[in-house]
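Protein chains in written order, with the numbering used here: chain A, 2 to 534; chain B, 12 to 331. A virtual CB, placed ideally from N, CA and C, is assigned to each residue, including glycine. Only a predicted model underlies this, so the values are computations on that prediction, with no experimental measurement involved. Take a look at the structure below.
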């Protein structure tokens, strides 16, 4: 039987599993060996079992306004397809990623605490301009003075990481509000161990199913002081029609806490209670999966039926902790993103371990001119959008689209950024009867409680359609089980001795007055990921 | 537990039981009529509609009372909230709203039943293989209930689920007996069979009683303490559950349920049968509904936008 990797085409891309000269990377050898023991029929069987399992378990997300005649309001449930070939991250790469993520989220927590309760020292010291923060959609004056124990404002952060044409890891986006996807990380692992247990036989894959207890632990640490050692934690969901409802259920059940809707909560004397069959019961920590705008109709959108009147006042009084903290959106802002490496230097006195994607800030006349000259080679993004909305990919845009975005940039330069196109790495996927490369990104999840820690794994999203660049679940994206290998004490020393560093670190941030080099001339690949928050 | 999730669970139980009971009624009616004298059909199908309490709804559709039309209405009609498919969908939607409280196997059993019913051509199956279809539905629901029995920790979530299920079963049992009792003539043994079969009670009846008589039927279907689908059996189960659910000894729901249960416990079947039987059964039916209403008022209060301070004034509840 011929090997599955025979005839696998790189087509010029950086590949996660195969080196430029066509050899298999070491950390994929055991997966490849296990695959070669399986014929097509065995893999097809595994795919059928996988589909049946996801369907029966109802591991779904909801799509709205589909074209099959379903009323848009109700939405329809879809499964999120998981490709059978796992992504493998070797121990040394992981420890690099992990330290970079911990560093980044630590700095972001410090920044947000500085902004909302710390008197904005970073602005006073001239590192980030005040006007930039104040003009951000995510900037939330209502959050001023609202304390968060331990300063753990990004209790759960989903940091979108991509690999470029050299294999360097770069942060594409920080998701600091309600990042979703962790349920797929755990469910993908559970599914793959059931349908293809052979793959795991000779690898030391770090488990991911401890996420629920890690999250509960972090949430309990940030309870208000009065709640003592075991505060009552709940998960707040917009309800069954939300596209990520499955995940909300997943989180509540993994933690063994109540899943509440806004109407289940009442605030009295600045204390939050839930309505139970036995009367009211006090709530201390709310892991909310509702956007800021809908959280409290007294303070934010008055028409929100999802929220809890009086919640912000209770938080301000220190009687309840809302996680993630209100106002984190300011650090999600794609223009503020450009300053994260500076934040790391400012708060931690360290050089950033993980670089950004080269980013241009368009209110700066010099950078704007540069961008407008090369508009057809760059990516333009609105600063406040997630999910790939409003994204214009230069090489793929029509002249009319380019003219429109040019006008928009000139009208409101603060509202846009431009980035170099990233030649996203590819990963082998099972396509019909053979393996083909597909573009991938990666979202690890970082928890902040007593300390900042990273779940050893994450969501690898795949653009499953050939040539497609979009990994979003609503647009034909899929996912992969992602393995982080445990360090093997026996071989660790050998590795240290012989291997070249596998990771090239580049700090590609472009902020005004910093880093005046021009962009790399565009051997630019046409892969760009949108991402969902 | 959360008042809202308690209500979801209560209705999950009710919807599931209603789906099974409807399938049972349809099954026995269909097969009973295969061997019946022509002419009874119209009345028999009307009885099915009355037994599930949907006769008025059906009349409003303006459709004829034929086996296919009534069956389709009760099995698959999306406009009929009481159709079997809608009941299972509702049960599944409610369960999805409280998934974090359900054992994984339970959710999977219910979700599979839902998906299978969505995938089947039910309109065709109602006409061509009704027995297989109704058996499939009955087994599907029973496997959900069986998984619940075998895996669900006996917490309040389980109690609300079972309470809804048992109250629905009791109410359907009483109503179906009320509708069918007028058909139980000495010369038509098939009618007795159909009534007993719908409650999985024919074998038990045969072993215990020799001949078909009204007193024995009431004793078994209404008052038996050993037949799982008898009304008293269901109410006893509901009472044992409710005792654990209510914090307040003066709970209206508990008092109403205990009174009704005691009345049946000590009833004399010989006194019950006779010209007043139908009226008596109707009163029992209402009493069961009152219990369910009191449970809702006492435990699912979140709906009511009451002043907070009133929330503490529960004794007796709004029913008193």
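Alpha carbon of residue i to alpha carbon of residue j, nearest angstrom
i, j, result
"residue 505/A", "residue 169/A", "At residue 505/A the pLDDT is 39, less than 50, meaning the model places this residue with poor confidence and gives no usable figure here."
"residue 61/A", "residue 192/B", "48 Å"
"residue 75/B", "residue 56/B", "10 Å"
"residue 119/B", "residue 177/A", "33 Å"
"residue 552/A", "residue 155/A", "Not covered by the structure: residue 552/A. The range shown for chain A is 2 to 534."
"residue 483/A", "residue 339/A", "28 Å"
"residue 402/A", "residue 408/A", "10 Å"
"residue 85/B", "residue 146/B", "15 Å"
"residue 171/B", "residue 221/A", "29 Å"
"residue 93/A", "residue 28/A", "11 Å"
"residue 551/A", "residue 201/A", "Summary: the structure shown does not reach residue 551/A, with chain A confined to residues 2 through 534, and so no result is reported for it."
"residue 305/B", "residue 193/A", "48 Å"
"residue 196/A", "residue 83/A", "12 Å"
"residue 374/A", "residue 336/A", "20 Å"
"residue 153/A", "residue 322/A", "10 Å"
"residue 278/A", "residue 116/A", "41 Å"
"residue 62/B", "residue 175/B", "18 Å"
"residue 201/B", "residue 129/B", "34 Å"
"residue 264/B", "residue 186/B", "21 Å"
"residue 174/A", "residue 162/A", "7 Å"
"residue 315/A", "residue 120/A", "22 Å"
"residue 70/A", "residue 78/A", "Confidence in residue 70/A is poor, its pLDDT being 37 and thus under 50, which makes the residue's placement unreliable; the coordinate value appears in the next sentence. Computed Cα separation, rounded: 14 Å."
"residue 511/A", "residue 363/A", "Note on residue 511/A: pLDDT 41, under 50, position unreliable in the model; no value is reported."
"residue 330/B", "residue 289/B", "Note that residue 330/B scores 30 on pLDDT, short of 50, meaning its location in the model is unreliable and no value can be drawn from it."
Check whether residue i and residue j have beta carbons under 8 Å apart
i, j, result
"residue 418/A", "residue 108/A", "no"
"residue 79/B", "residue 115/B", "no"
"residue 232/B", "residue 188/B", "yes"
"residue 329/A", "residue 157/A", "no"
"residue 204/A", "residue 486/A", "yes"
"residue 102/B", "residue 162/B", "no"
"residue 155/B", "residue 87/B", "no"
"residue 86/A", "residue 108/B", "no"
"residue 266/A", "residue 309/A", "yes"
"residue 213/B", "residue 242/B", "no"
"residue 1/A", "residue 462/A", "Nothing in the structure corresponds to residue 1/A, since chain A is present only between 2 and 534."
"residue 313/A", "residue 331/A", "no"
"residue 247/B", "residue 236/B", "yes"
"residue 104/A", "residue 457/A", "no"
"residue 207/B", "residue 278/B", "no"
"residue 58/B", "residue 148/B", "no"
"residue 571/A", "residue 288/A", "This structure does not reach residue 571/A, given that chain A is present from 2 up to 534, and the question cannot be answered."
"residue 151/B", "residue 124/B", "yes"
Beta bridge counterpart(s) of residue i as assigned by DSSP
i, result
"residue 439/A", "428/A"
"residue 289/A", "237/A"
"residue 446/A", "159/A"
"residue 333/B", "Residue 333/B is absent from the model: chain B starts at 12 and stops at 331."
"residue 62/A", "79/A"
"residue 277/A", "280/A and 13/B"
"residue 487/A", "Answer is none; residue 487/A lacks a bridge partner."
Rounded Cβ spacing between residue i and residue j (contact assumed at less than 8 Å)
i, j, result
"residue 267/B", "residue 302/B", "5 Å"
"residue 382/A", "residue 391/A", "7 Å"
"residue 52/B", "residue 44/B", "6 Å"
"residue 181/A", "residue 248/A", "5 Å"
"residue 359/A", "residue 420/A", "6 Å"
"residue 348/A", "residue 112/A", "7 Å"
"residue 548/A", "residue 185/A", "Any question about residue 548/A goes unanswered here, given that chain A covers just 2 to 534."
"residue 438/A", "residue 10/A", "7 Å"
"residue 94/B", "residue 37/B", "Not really, about 11 Å apart at Cβ, beyond 8 Å."
"residue 354/A", "residue 100/A", "6 Å"
"residue 210/B", "residue 184/B", "7 Å"
"residue 250/A", "residue 293/A", "Contact doesn't hold; Cβ gap of about 22 Å is too wide."
Contact test: residue i Cβ vs the ligand MG heavy atom, cutoff 7 Å
i, result
"residue 254/B", "Within the structure as shown, the ligand MG is missing, as the structure has no ligands at all."
Between the region 45 to 64 of chain A and chain B, which residues of the former have a C-beta closer than 7 Å to a C-beta of the latter?
-> Taking 7 Å as the Cβ-Cβ cut-off against chain B, the residues of the region 45 to 64 of chain A that qualify are 56, 57, 58 and 59.
Chain A contacts made by the region 119 to 135 of chain B, where a contact means CB separation under 7 Å = The region 119 to 135 of chain B vs chain A, Cβ under 7 Å: 119, 122, 123 and 126.
Quick one, which residues of the region 266 to 281 of chain A are near chain B if we go by CB-CB under 8 Å, in chain order?
-> If the cut-off is 8 Å between Cβ atoms, the region 266 to 281 of chain A has 267, 269, 275, 276, 277, 278, 279, 280 and 281 near chain B.
Going along the chain, which residues of the region 181 to 212 of chain A sit with their C-beta nearer than 7 Å to a C-beta in chain B?
-> Correct list: empty, as no residue qualifies.
Select from the region 241 to 260 of chain A all residues with a C-beta closer than 7 Å to any C-beta belonging to chain B, and list them in chain order.
-> Cβ contacts with chain B come from 241, 250, 253, 254, 259 and 260.
Using a Cβ-Cβ cut-off of less than 9 Å, list which residues of the region 151 to 178 of chain B approach chain A; keep chain order.
-> When CB distances to chain A are screened at a threshold of 9 Å, the residues of the region 151 to 178 of chain B falling below it are 167 and 171, in chain order.
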